[in-house]
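Residue numbers (the working numbering): 3 to 364.
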């Protein structure tokens, strides 16, 4: 449900600048986690989780677009987008460990610390946008001519972008079965040492991303974006084949398949963000990142579709089907070379007055 909201928030950030939308997202997240820390009722938890989803919808597009606003050099911008994905995964991997080490596990009040972190983040944004030269530039980087209706019309005419969105929805659908259908499959098949197996797979996935993302990007630095995506798709297809063929009782086989899948993730997911940044016109960068949120459709559909296939045909069939879908995604990316894109008028760069610049650097 929040995918259309992400497009709207992206368009608003293009029209009014990133600062206000980022602050709004920070405040909503602050309130949602504060509510989680104190509520004792079911309606309270439902409201808190709804606010979490809204906060993410408000936050994501301008947060990704801001990197492009602040960094002109393409190589540096690409590195920053990859670093953002790395830090998200590092936080997801290390956060639970830090929580246990600090004695915070299974305590509702832990959410209060998350709320406090969003307060500090909001204050950091206020300071950064007011006191730094790049913050002043980003604050002024809005285009009053942008509106949601005309933006949606542009998106529909951008054939390359629309095909990329469909391809990436399918890619997310394929990958998401790692988190949902694979657990169902192993549970139904009564795999031995199930708890140890699943926790080990999660560990292998997290460590592969944290340790190998940047070495892989360094190895592929001379390839264009489509070349990297094609390599990632081939590796993703190899992982689906391994999952389909792996005997249920072979513990280390599941570890190997998870490692291969994680290599594909380390290549594909940060490259997708770089791809959207390359496709987006400068004055619609937030909108394009917002539209890319439709990738979540693939993630949302995977558990239901995987459950149906597992019920009727079993795990190996599911992974053979996902292997075939990898071929479909490969073909979709190949077709983008023959599609057209709109032409955008040149946009004047925002400038900072001498007084603002002196204040920002003083």
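Ideal Cβ placement from N, Cα and C applies to all residues, glycine included.
Small disclaimer: the values here were computed from a predicted structure and weren't measured.
Status (buried if at least 16 other CB within 10 Å, exposed otherwise) for residue i
i: residue 337; result: exposed
i: residue 311; result: buried
i: residue 287; result: buried
i: residue 251; result: exposed
i: residue 87; result: buried
i: residue 126; result: exposed
i: residue 2; result: No information on residue 2 is available, as it lies outside the stretch 3 to 364 that the chain covers here.
i: residue 70; result: buried
i: residue 20; result: buried
i: residue 1; result: Shown here, the chain extends from 3 to 364; a query on residue 1 therefore has no answer.
i: residue 265; result: buried
i: residue 321; result: buried
i: residue 300; result: buried
i: residue 111; result: exposed
i: residue 62; result: buried
i: residue 48; result: exposed
i: residue 197; result: exposed
i: residue 276; result: buried
i: residue 220; result: exposed
i: residue 38; result: buried
Neighbourhood of residue i by C-beta, 7 Å cutoff - its chain only, sequence neighbours within 5 removed
i: residue 273; result: 227, 230, 231 and 234
i: residue 244; result: 258, 259 and 262
i: residue 267; result: 177 and 211
i: residue 81; result: none
i: residue 248; result: 255, 256 and 259
i: residue 60; result: 11, 23, 26, 27 and 30
i: residue 313; result: none
Residue nearest to residue i in terms of C-alpha spacing, selected from the options
i: residue 64; options: 344, 284, 300 and 292; result: 292
i: residue 317; options: 254, 263 and 192; result: 192
i: residue 28; options: 39, 240, 58 and 45; result: 58
i: residue 159; options: 290, 61, 75 and 330; result: 290
i: residue 271; options: 282, 294 and 256; result: 294
i: residue 303; options: 171, 240 and 216; result: 171
i: residue 329; options: 43, 308, 237 and 299; result: 237
i: residue 24; options: 128, 118, 119 and 33; result: 128
i: residue 76; options: 309, 209 and 280; result: 280
i: residue 339; options: 161, 131, 50 and 309; result: 161
i: residue 367; options: 202, 180, 168 and 223; result: The displayed coordinates of the chain run from 3 to 364. Any statement about residue 367 would go beyond what the structure contains.
i: residue 241; options: 301, 179 and 221; result: 179
i: residue 91; options: 38, 205 and 68; result: 205
i: residue 118; options: 187, 30 and 184; result: 30
i: residue 334; options: 207, 173 and 305; result: 173
i: residue 32; options: 115, 46 and 68; result: 115
i: residue 1; options: 123, 190 and 182; result: With the chain represented from 3 up to 364, any question about residue 1 goes unanswered, as that position is not in the structure.
i: residue 278; options: 67, 308 and 305; result: 67
i: residue 199; options: 208, 209, 190 and 185; result: 185
i: residue 331; options: 52, 215, 239 and 113; result: 239
i: residue 181; options: 194, 190, 195 and 203; result: 203
i: residue 83; options: 130, 315 and 216; result: 216
i: residue 190; options: 253, 309 and 85; result: 309
Own chain partners of residue i with C-beta closer than 6 Å, once the 5 adjacent residues on each side are dropped
i: residue 22; result: none
i: residue 176; result: 324 and 327
i: residue 54; result: 34
i: residue 343; result: 160 and 162
i: residue 246; result: 318, 321 and 322
i: residue 214; result: 268
The alpha helix (DSSP H) enclosing residue i, as first and last residue numbers
i: residue 331; result: 317-337
i: residue 298; result: 297-314
i: residue 115; result: 112-133
i: residue 208; result: 196-221
i: residue 176; result: 161-178
i: residue 294; result: Residue 294 -> no alpha helix (DSSP H), and no H or E assigned at all.
i: residue 269; result: 253-281
i: residue 37; result: 20-40
i: residue 237; result: 227-247
i: residue 65; result: 44-72
i: residue 250; result: Taken as a continuous stretch (DSSP letters only), residue 250 belongs to no alpha helix (DSSP H), as it is neither H nor E.
i: residue 187; result: 183-190
Sequence-distant residues of its chain with Cβ nearer than 8 Å to residue i (five each side left out)
i: residue 350; result: No answer about residue 350 holds up, because its pLDDT of 43 lies below 50 and its placement is not dependable.
i: residue 341; result: 161, 162 and 165
i: residue 225; result: 233
i: residue 218; result: 265, 268 and 269
i: residue 222; result: 229, 230, 233 and 269
i: residue 355; result: Because the pLDDT at residue 355 is just 41, under 50, the model does not fix this residue reliably, and the point stays unresolved.
Chain B within 7 Å of residue i, Cβ atoms only
i: residue 169; result: No chain B is part of this structure, which consists of one protein chain only.
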